[in-house]
Amino acid sequence: MERIRLAEDLTFSRIIHGLWRLADWNYSREEILSFIEFCLEQGITTFDHADIYGNYTCEALFGEALALKPSLRGQIEIVTKCGIKLASKYGLKHYDTSKEHIIASVHQSLKNFRTDYIDVLLIHRPDPFMNPEEVAEAFTQLKKEGKVCHFGVSNFKRSQFNMLQSYLDFPLVTNQIEVSAYRLENIEDGTVDLCLEKRIPPMVWSPLAGGKIFTATDDKAVRLRATLEQIRDELGAETIDEVLYAWLLVHPARMMPIVGSGKKERIIRAVRALALPLRREQWFEILQSSVGHEVP
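Our numbering applies: residue 136 is where the sequence shown begins, and numbers increase by one.
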C-alpha cells in the first residue's frame with residue numbers, strides 16, 4: 136500500500152483504521168488482535184484512537200490485544216487524541232487543553248496501550264479557552280521525554296491551526312478533518328487549502344458521511360447516489376463506497392481516509408479504492424452532484 140510521509144521519520148498507511156466504535160463490536164482480545172493482523176495484511180499500519188472513545192475504554196481494549204503479541208507495536212503507528220472531557224466522567228462536557236491535562240492524558244494513554252510512546256498526539260477539538268503557551272509546553276516536554284514522537288490537531292480551521300503552530304518550535308504533522316462527497320465544508324472554507332499550503336497530509340474522518348449517502352432521502356443524497364452508481368459502473372467498481380474513497384484519494388492534498396468499521400469487507404473496499412482510475416471529469420461530476428449545480 137502507498138505510504139504518506141508526514142515527517143522525516145514518520146509515514147502513515149494511505150488508508151487508516153479508526154477504533155472509535157471498538158467497544159461496540161464486543162470483540163475478545165484475541166479477535167481484536169486478529170483484526171489488527173488482518174489490517175496489517177492489507178497494508179494498513181496506522182490506527183486512530185482518542186482517549187474518550189468508547190467512554191474511555193477503547194484505548195485499553197486495543198492495548199490488551201497488543202499485549203498478546205507485543206512484536207506488533209513496532210509495525211504500527213498509534214494516533215490518539217486528547218482535550219475533550221465527557222460528562223460521564225467530569226459532570227459537564229467541556230474542553231481542557233491545559234498542560235496538566237495533556238500530560239495526564241498521555242500518561243493514561245501510554246498505560247492503556249501498554250507502550251512507552253505514542254506516534255502522533257492530536258488536540259481533539261479547537262478549545263476556545265486554549266492557552267497555546269501551555270499546549271506548547273506540554274508538547275515540548277512530551278517530545279523531549281520521548282513519550283510522543285509527533286503532534287497534530289483535529290478539526291482545526293486555518294486561524295486555529297496557524298495560531299497554535301506559531302507557539303511551537305516543530306511542525307504540526309497533520310490535521311484530522313471531516314471530508315466526504317456529502318460534507319464539503321473543509322474544502323469550501325480553505326481548511327484543505329491550508330493543508331496544501333503547509334504540505335500537511337490531512338487525516339479524513341467520516342469519509343462516507345456516516346452512511347448518509349447510502350440511506351438518506353434528501354435531495355443531495357439522492358443526487359449523489361445516482362452519480363456514484365453511474366461512475367461505479369464506468370469504473371467497474373463493486374460498490375459506491377469504493378468510489379467515495381477514490382474521490383478523496385485522488386485529491387492532491389494526499390488525504391488519508393479513516394475507515395471506522397469492524398467488518399473486513401469494508402476494509403477491503405477502501406483498499407480496493409486505491410486502484411480506481413477516477414478521472415478529473417468524474418471527480419467534478421461527484422462534486423456537482425453534491426452542491427446541486429455546475430461549477431461557476
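Don't be surprised by glycine CBs; every beta carbon is placed ideally from N, CA and C.
By DSSP, does residue i sit in helix, in strand, or in coil?
| i | result |
| --- | --- |
| Y230 | strand |
| T352 | coil |
| V314 | coil |
| M391 | strand |
| A158 | helix |
| A372 | coil |
| V80 | Look at the range of the chain in this structure, 136 to 431, and you will see that residue 80 is not part of it. |
| V327 | helix |
| S341 | coil |
| T309 | coil |
| K216 | strand |
| G346 | helix |
| R138 | strand |
| I403 | helix |
| S424 | helix |
| L383 | helix |
| L413 | coil |
| S148 | strand |
Any heavy atom of the ligand SAH closer than 7 Å to the beta-carbon of residue i?
| i | result |
| --- | --- |
| E373 | The model on display carries no ligand, and the ligand SAH is accordingly not part of it. |
Is residue j closer than 8 Å to residue i when the C-beta atoms are compared?
| i | j | result |
| --- | --- | --- |
| L394 | H152 | The sequence as given places Val at residue 394; Leu does not occur at that position. It is a contact, given that the beta carbons lie within the stated cut-off. |
| A273 | I238 | yes |
| V385 | T309 | no |
| T181 | E137 | no |
| I171 | I150 | no |
| F197 | L154 | yes |
| E194 | F248 | yes |
| W160 | G345 | no |
| I421 | L383 | no |
| H285 | L141 | yes |
| P337 | Q300 | no |
| E269 | K216 | no |
| V378 | V339 | no |
| I402 | Q177 | yes |
| L432 | L203 | Since the displayed the chain opens at 136 and closes at 431, residue 432 lies outside it and no answer follows. |
| V241 | L277 | yes |
| S424 | R358 | yes |
| I253 | V283 | yes |
Kindly give me the distance between the Cβ atoms of residue i and residue j, rounded to whole angstroms, as I take these residues to be in contact under 8 Å.
| i | j | result |
| --- | --- | --- |
| L413 | L370 | 7 Å |
| C330 | A388 | 5 Å |
| N290 | R260 | 5 Å |
| K347 | Y317 | 6 Å |
| T432 | R208 | Coverage of the chain is limited to positions 136 through 431, which leaves residue 432 absent and any answer about it impossible. |
| Y230 | D262 | 4 Å |
| V430 | F419 | 7 Å |
Checklist entry - Which residue spans inside the region 160–212 form an unbroken alpha helix (DSSP H) run of at least 4? => result Counting only runs of 4 or more residues that sit fully inside the region 160–212, the alpha helix (DSSP H) segments are 164–176, 188–191 and 193–201, in chain order.
Item to check | Unbroken stretches of the beta strand (DSSP E), 3 residues or longer, contained in the region 229–304 | outcome: 253–258 and 283–289
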